[in-house]
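Below you'll find the structure, written out as structure tokens, and then a few comments.
Residue numbers (my numbering), protein chains in the order written: chain X, 1312 to 1722; chain Z, 36 to 384.
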């Protein structure tokens, strides 16, 4: 793992830290997460009325939590699109699979399918259904998604990249439709709700009290305990970021980058194309599954109509905006766009309409804005807002002029 | 690291056996489909005929849209994601022009004339929009990495959808149709008037397009550009203009499809393009993408398959029609990515 690709040198060189530039980032993430948690758990309840209104209007805790879900998924999709250079337009499929896995094994729902089925955990001794601790569910759903990713990828990865985009898109459409139509197993459009309350740890004291704030440990969180959930989601996001940063430095990550940059050259150098691409799919899907579970917990429900194509596109826009392949850029892109989509645009609309007495439906402009982001970024800043040196060099590679093309080019 | 990224090469000689297994599987699937069809035909012959006629009508619309995909793919190897949404805009434009602007009603000779006028206007509008999209978006990215034009196409598709929301609202809208309901009865089999009109508009358009591509100078330029852009440029062909012309041609077909869709179903919705575009793309792939005849045949096949699934007594029903068509897309990718008429291609190096 001691191999340093050029970009690690660049990253590490800035602060002069001799090894592991990731460590500083980890500290930064930790501090940011703790500060945000403290802000929501301790500062906001003690703010005045005006402050509380401001927070609940512009940066509500729910939106912050949701943004973390987007971060998890965007980081996952970044592995497929940013690292391996495979366009995946159906990422929402994994999100849906993860969500439904949580719906099945974290609620009383299984009772409806198979009456009399009891697999009660200690926390829910008297309830029917399956109640597995959510950390386990996270792993189960993620593994299931990774498997689904391999299933989806295996037949299609032999194809040219643009076909691949279409096939993934088709899967992204089929899977939510199956969940919608297979009434008996998924409750159809009525969805699965509520899910179990999650507990931060499966063991330990039930709660600790600091001042007048009680922090639950093994006691299940209430459905509205957003600040505690924030910590849990942040841990999952940190895991996703950590994995994608570390895996990139390793053999597999370098193989992905090689494939992205020149498939032919990579295969000549002995990189097994199929297996490496499948690995990208599996790892990406793994994180998609985690994102699905987290989203299900966040909303405390699973509904099939939430898993739309625009989710896949929004994720893609996050990656394109943040900088393909750069995990931190993608994270910033995800946080920004998620906030913009869930809070920024509607609230700005309210404010604008209230201020000027207009009746403009701002959320409907999200299509225009998303589309414009994609087009403009591709035209003018293909490497994203926070590019990696390496990606920038590739995407900005001098495009062959007509003269060169005629000269030798591909014949 | 336990992951064996670079251990063995993938090309082991088991390839032949895999091909054999694939072939057996593919024929098995086809056989199962045939048995299923026969079962339906015996169970309800009249319904079968009616459903098939409806499928041909939808298939004609798919064929027109699929041509747009295949033309563009044939010339610059780009899957134009925005094409389905261009079709949607075509249907919205037709509704606005025909009903709101011209105030057409149902069935009188004046209405028919207005419909034909609208057809021409909408074809021109959609052609213009497609050319504009090419000029603004794809032209500058022609030599960029492949991901860039694809993502641009997705972006343009969203911009088109936004236009659809602005023009049509976010809820589906119903419109009066020029073509009266009902049809010609052959016993219990009904040939809808709309089917007749759709076929009557589609076939001349297809003939015109075949003529344009195969007989005219511009068509020759198109085919040359598709084969080799540099050689075409050396021969004095204006490559940019040729590509623009191709986009225009595809856009015009999408516009015509939009009007026919409106006249068949009488509704417009801003998200119609996404689903129909995917169906049409499947049709283009089925026929062999880049192949004009293939796109038309594929369009009709997909239309009929969808109708069978939706309407036959033992079909899965409408709520599954998308899944069925996309499953066909995936199966095609696995078993026959080159399509019915396409040549098996080796990835260019």
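Ideal Cβ positions, reconstructed from N, Cα and C, are used throughout, including at glycine.
On a CA-only basis, which of Z:377, Z:376 and Z:372 is nearest residue 61 (chain Z)? Give me that one, please.
Per the Cα distances, Z:372.
Once you ignore the five residues that flank residue 348 (chain Z) on each side, which residues in its own chain have a CB closer than 7 Å to its CB?
Apart from the 5 residues on each side of it in sequence, residue 348 (chain Z) sits with its Cβ closer than 7 Å to the Cβ of 75, 78, 79 and 82 in its chain, given in chain order.
With a threshold of 7 Å on Cβ separation, who are the neighbours of residue 139 (chain Z) within its own chain once the five nearest residues in sequence on each side are excluded?
So the qualifying residues of the chain are 133, 146, 149, 150 and 213.
Residues of chain Z with CB under 8 Å from residue 1466 (chain X), in chain order?
Below the 8 Å Cβ cutoff, chain Z contributes 365, 368 and 369 as neighbours of residue 1466 (chain X), in chain order.
Rounded separation between residue 1477 (chain X) and residue 85 (chain Z) - CA only:
One C-alpha to the other measures close to 32 Å.
Could you give the residue range of the beta strand (DSSP E) that holds residue 386 (chain Z)?
Outside the displayed span of chain Z (36 to 384) sits residue 386 (chain Z), for which this structure offers no information.
Using 8 Å as the Cβ pair cut-off and three pairs as the minimum, do the region 1450-1464 of chain X and the region 1368-1379 of chain X touch?
Taking 8 Å as the limit for Cβ pairs, the verdict is that the region 1368-1379 of chain X does not touch the region 1450-1464 of chain X.
Which residues, in order along the region 1392-1405 of chain X, keep a beta-carbon less than 8 Å from a beta-carbon of chain Z?
Sequence-ordered contacts of the region 1392-1405 of chain X with chain Z read 1392, 1396, 1398 and 1400 [C-beta pairs closer than 8 Å].
Measuring CB to CB, does residue 1506 (chain X) end up less than 7 Å from residue 1417 (chain X)?
Yes, the Cβ-Cβ distance between residue 1506 (chain X) and residue 1417 (chain X) is below 7 Å.
Give me the residue from Z:204, Z:322, Z:324 and Z:338 with the minimum Cα distance to residue 97 (chain Z).
Comparing alpha carbon positions, the residue from Z:204, Z:322, Z:324 and Z:338 closest to residue 97 (chain Z) is Z:338.
Take residue 1722 (chain X) and list the residues in its own chain whose beta-carbon comes closer than 8 Å to its own, dropping the five residues that flank it on each side.
Caution applies to residue 1722 (chain X), whose pLDDT of 32 falls short of 50 and renders its modelled position unreliable; the value that the coordinates give is listed next. Taken in chain order, the list of residues that qualify is empty.
Quick one: is residue 1609 (chain X) buried, meaning 16 or more other Cβ sit within 10 Å of its Cβ, or exposed?
Buried, because 16 or more other Cβ atoms sit within 10 Å of the Cβ of residue 1609 (chain X).
Starting from residue 1440 (chain X), trace the beta strand (DSSP E) in both directions and tell me its first and last residue.
Residue 1440 (chain X) -> beta strand (DSSP E) spans 1440-1442.
For residue 1637 (chain X), is the classification buried or exposed, using 16 other Cβ atoms within 10 angstroms of its Cβ as the cut-off for buried?
By the 10 Å Cβ count, residue 1637 (chain X) comes out buried.
Between residue 341 (chain Z) and chain X, is the shortest Cβ-Cβ distance under 7 Å, so that the two count as touching?
By this cut-off, residue 341 (chain Z) is not an interface position.
For residue 101 (chain Z), would you say it is in contact with chain X, using Cβ-to-Cβ distances shorter than 7 Å as the test?
Not an interface residue.
Residues of its chain near residue 1703 (chain X), where Cβ-Cβ distance is below 6 Å and the 5 sequence neighbours each way are ignored
Here residue 1703 (chain X) has 1694 as same chain residues with Cβ atoms under 6 Å from its own Cβ, once five neighbours each way along the sequence are excluded.
In the region 1477-1545 of chain X, which residue ranges form an unbroken alpha helix (DSSP H) of at least 4 residues, counting only runs that do not cross its ends?
List check, alpha helix (DSSP H) in window: 1494-1497.
Does any CB atom of chain Z fall closer than 7 Å to the CB of residue 1485 (chain X)?
With its beta carbon less than 7 Å from one in chain Z, residue 1485 (chain X) belongs to the interface.
Closer than 8 Å, Cβ to Cβ, to anything on chain X: give me those residues from the region 104-136 of chain Z, in chain order.
Taken in chain order, the members of the region 104-136 of chain Z whose beta-carbon sits within less than 8 Å of a beta-carbon on chain X are 112, 113 and 114.
Check whether residue 1585 (chain X) and residue 1468 (chain X) have beta carbons under 7 Å apart
In contact: residue 1585 (chain X) and residue 1468 (chain X) (Cβ atoms closer than 7 Å).
Express the C-alpha separation of residue 1640 (chain X) and residue 1700 (chain X) in angstroms, rounding to a whole number.
Approximately 12 Å, taken between the alpha carbons.
For residue 1344 (chain X) and chain Z, any beta-carbon pair shorter than 7 Å?
Cβ-Cβ to chain Z under 7 Å: no for residue 1344 (chain X).
Distance cutoff 7 Å, beta carbons only. Does residue 170 (chain Z) sit that close to anything in chain X?
So no, residue 170 (chain Z) is outside the interface.
Please classify residue 1375 (chain X): does DSSP put it in a helix, a strand, or coil?
Helix.
Between residue 285 (chain Z) and residue 103 (chain Z), is the Cβ-Cβ spacing less than 7 Å?
Their beta carbons are under 7 Å apart, which means residue 285 (chain Z) touches residue 103 (chain Z) by this criterion.
C-beta contact flag for residue 1681 (chain X) and residue 1628 (chain X) at 7 Å
In terms of Cβ geometry, residue 1681 (chain X) and residue 1628 (chain X) form a close pair [threshold 7 Å].
Give, in chain order, every residue of the region 1677-1690 of chain X whose Cβ lies closer than 9 Å to some Cβ of chain Z.
Within the region 1677-1690 of chain X, 1677, 1678, 1679, 1680, 1681, 1682, 1683, 1684, 1685, 1686, 1687, 1688, 1689 and 1690 place their CB atoms closer than 9 Å to a CB of chain Z, listed in sequence order.
For residue 1453 (chain X), would you say it is in contact with chain Z, using Cβ-to-Cβ distances shorter than 7 Å as the test?
Under the Cβ criterion of 7 Å, residue 1453 (chain X) is not counted among the residues facing chain Z.
Once you ignore the five residues that flank residue 196 (chain Z) on each side, which residues in its own chain have a CB closer than 8 Å to its CB?
Only 120, 123, 305, 306, 308 and 309 meet the Cβ criterion.
CB-CB under 7 Å to residue 1500 (chain X), same chain, minus the five flanking residues each way: which ones, in chain order?
Excluding its 5 nearest sequence neighbours in each direction, residue 1500 (chain X) has C-beta neighbours in its own chain below 7 Å: 1491, 1615 and 1616, listed in chain order.
For residue 1533 (chain X), which of X:1510, X:1545 and X:1520 has the nearest alpha-carbon?
Among X:1510, X:1545 and X:1520, the Cα nearest to that of residue 1533 (chain X) belongs to X:1510.
Give the list of continuous alpha helix (DSSP H) stretches no shorter than 4 residues that lie fully inside the region 285-352 of chain Z.
Complete alpha helix (DSSP H) runs here, min 4: 307-322 and 327-346.
If you pair each beta-carbon of the region 167-180 of chain Z with each one of the region 228-243 of chain Z, do three or more pairs fall below 8 Å?
Too few Cβ pairs lie closer than 8 Å, so no.
Are the C-beta atoms of residue 1551 (chain X) and some chain Z residue less than 7 Å apart?
No, because no Cβ of chain Z sits closer than 7 Å to the Cβ of residue 1551 (chain X).
Along chain Z, in chain order, which residues have C-beta atoms closer than 8 Å to that of residue 1624 (chain X)?
Result: 189 and 193.
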